[in-house]
Every structure is written in structure tokens, then in C-alpha cells.
Amino acid sequence: TTLPDDAYFDTWITNNALTLLDRAPDDRPWYLEVNLQNPHHPWDITESMHRWYREPSVEFPLPLFNTEDIAPETHQEVRRNWAATVEHLDSCLGRLVARVCARGDLDDTVIVFTSDHGEMLGDYDQWQKLSPLQASVGVPLVIAGPGVVAFGRADAPMTTLDLTASFLEWAGLNPGDDLDSRSLVDYLGARARRHRDLVFSGLSAWRMVFDGRFKLVRGYDPAKRIGGDVFEPMHVPLDETERLQRERPQLLTMSPLNFPRSFSG
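For the sequence shown, our numbering assigns the number 12 to the initial residue and increments by one for each residue that follows.
Right under this line is the structure:
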């Protein structure tokens, strides 16, 4: 883009968020939601964001299982721009956290960072979102603040739906039992060993169930190169996938990966 840095949309959003932070009350709780746009197609970046990533020495892995007629150099350019948007996002978050700290509110503020979807970036010939594969449905969820035990990475299944009940509980309200959302507060405070056994997702014709290690998908469009039931193992080396494929019929019968009766697909 030819836009200057201060007119770039995530910079503009961050500047406005900082203004709202400055207006936040000092004598009562406040809530601020900041919806940054990147990283997102078409990965448009400013000249200064592009400057470092144009170096030939900066190389990124090429997409997995990609058969498209796209030159490797083009894939590299796309991934450089994607990385530049991630770096800019990080700088925006840094500015926001620094302002919370400057207000003296850091020790009393729960900070949550997440996303609404992932990005395929050419893996399996797919781009953007809409896929049940992990690069699309898997999103970061980073939470820090009072009552949150710093235990590093957590692989327990959870969903962004759970943030609704969590925010209500952090605000001192009872989420009730009628929500699909389940509060993360006890899990984050190390008062619960596990949050959920399964998470579900779906879009159009496909439905997915995931237990934190294995994922089963039904109804996925065969035109997406992966037809029928998709069985996607997590954290498994590539050389193990053939063995898992042989064991797939047995794995599909494992509880709790059997679909509930209400889970259509």
C-alpha cells in the first residue's frame, strides 16, 4: 500500500484504542475490546513494514501439500507479507499493554489475545479460512492477569465461545448454566485439571469434533482434496501419518471421538 504508517488501518485502530484507554475511569472497572484486522488477506503492508522482509536471506517454509501452479517466489512474497503483518500486530499489542502499564492498571487487568480464525496460506491448495484443518480453525488464545496461573502452553481443548462465560465471571457475574460457553476461570487458576473433553465446529456441510489430539471431520467437500471423513492427528511427525492411516478404522471407533447423535454431518 502507498499509505503512510500512521494511516495504516491497524495503526489507526490502535491509536483510537489508546485514546479510549486514556478516557477509561480510574475509580471503577473498565472493559475495552480492540479488533485489529491483521494478519488477513490480502496482507497489504506499508513500505516500512516491507523493508526488512524483502531481504533474500529471510526465507519461510513453502506450503504443505500444495500442487497449485504458483512460483515458489510468489509463496515467499505472500509469507513475507504475512509475517510483516504479524510483526506489526505485535507492535500494536505492545503499545496497548504499555499504556495499561502506564495507567498503573496492569496488575488488575485481564488481557486476552485471540483471533476469529486462522489462515491456510496455501497448505493443501487452500487459502484464507473456511476449512476444518487446524491452520484454519486453530487460533491463538493468550490470557494473562490476576487469577491466571503462569503455566505456559496449555493443550486442553477450548473454544472462543468460552470467553463469554469467562468475561462474565471476571466481572463478578454468574454465567449460569444455559450457555454453551464454559468459563475458563477455574482452569486458568489451576483449580481444574481439564476444561473440556471435546470441542465442536462446523460450516456449510462439514462438522468437526476435536479432543485435543485427534480431529474427526465429516461432510467436507471432496473438491478440497481431502474427501469423506478427515482424520487429522495433532502433534504427530509426518513419518507417523502412514501408521496412523493404517490404524484409522480402529481410531474412528475410539470414545470420545464418536460423534454424538445430535452431531449431524
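Don't be surprised by glycine CBs; every beta carbon is placed ideally from N, CA and C.
Buried/exposed call for residue i, threshold 16 Cβ in 10 Å
{"i": "H52", "result": "exposed"}
{"i": "D21", "result": "buried"}
{"i": "N92", "result": "buried"}
{"i": "V142", "result": "Here residue 142 is Ser; the residue named in the question, Val, does not match the sequence. Label assigned to S142: buried."}
{"i": "T25", "result": "buried"}
{"i": "L43", "result": "exposed"}
{"i": "T170", "result": "buried"}
{"i": "D37", "result": "exposed"}
{"i": "P74", "result": "buried"}
{"i": "W23", "result": "exposed"}
{"i": "T30", "result": "exposed"}
{"i": "P173", "result": "Checking the sequence shown, residue 173 turns out to be Asp, not Pro. Burial call: buried."}
{"i": "A82", "result": "exposed"}
{"i": "W54", "result": "buried"}
Residues near residue i by beta carbon distance below 7 Å, same chain, minus five either side
{"i": "L190", "result": "T175, A176"}
{"i": "G156", "result": "T120, V121, I122"}
Neighbourhood of residue i by C-beta, 6 Å cutoff - its chain only, sequence neighbours within 5 removed
{"i": "F140", "result": "Looking at the sequence shown, residue 140 is not Phe but Lys. Closer than 6 Å at the Cβ level, and outside the excluded window around K140, lie H128, S147."}
{"i": "F162", "result": "none"}
{"i": "L2", "result": "Look at the range of the chain in this structure, 12 to 276, and you will see that residue 2 is not part of it."}
{"i": "S59", "result": "D16"}
{"i": "G149", "result": "G129"}
{"i": "A203", "result": "D197"}
{"i": "V286", "result": "Missing from the structure shown is residue 286; the chain here goes from 12 to 276 and no further."}
{"i": "S212", "result": "V148, M219"}
{"i": "A165", "result": "none"}
{"i": "A216", "result": "G230"}
CB contact flag (residue i, residue j, <9 Å)
{"i": "F71", "j": "A94", "result": "yes"}
{"i": "H206", "j": "R193", "result": "yes"}
{"i": "L152", "j": "V123", "result": "yes"}
{"i": "I154", "j": "L195", "result": "yes"}
{"i": "L107", "j": "V69", "result": "no"}
{"i": "T57", "j": "Y19", "result": "yes"}
{"i": "R114", "j": "A35", "result": "yes"}
{"i": "L214", "j": "G158", "result": "no"}
Contacting residues, own chain, Cβ-Cβ under 8 Å from residue i (five flanking each side not counted)
{"i": "F76", "result": "D134, Y135, D136, R236"}
{"i": "A201", "result": "V160, F162"}
{"i": "P50", "result": "W93, T96, V97, L100, E130"}
{"i": "Q48", "result": "F20, D21, I24"}
{"i": "T125", "result": "V150, P151, L152, V153, T171, L174"}
{"i": "W41", "result": "A35"}
{"i": "S102", "result": "none"}
{"i": "R65", "result": "R91"}
{"i": "H61", "result": "R91, N92, A95"}
{"i": "L14", "result": "T57"}
Heavy atom of the ligand FMN within 8 Å of residue i beta-carbon
{"i": "C112", "result": "Among the components of this structure there are no ligands whatsoever, and the ligand FMN is therefore not found."}
Checklist entry - Taking three-plus beta-carbon pairs below 8 Å as touching, is the region 178–185 in contact with the region 215–234? => result Result no; under three Cβ-Cβ pairs closer than 8 Å.
Next on the checklist: When you compare the region 81–91 with the region 116–125, are there three or more beta-carbon pairs, one atom per stretch, that lie closer than 8 Å?
Outcome noted: As far as the Cβ criterion goes, the region 81–91 does not touch the region 116–125, which means the pair count is below three.
Checklist entry - Which ranges would you report for the alpha helix (DSSP H) in the region 33–79 if only whole runs of at least 4 residues count? => result As summarised for the region 33–79, the continuous alpha helix (DSSP H) elements at least 4 residues long and confined to that stretch are 58–64, given in chain order.
Item to check | Ranges of the beta strand (DSSP E) found wholly within the region 80–168, counting only runs of at least 3 | outcome: Correct list: 122–125, 152–155.
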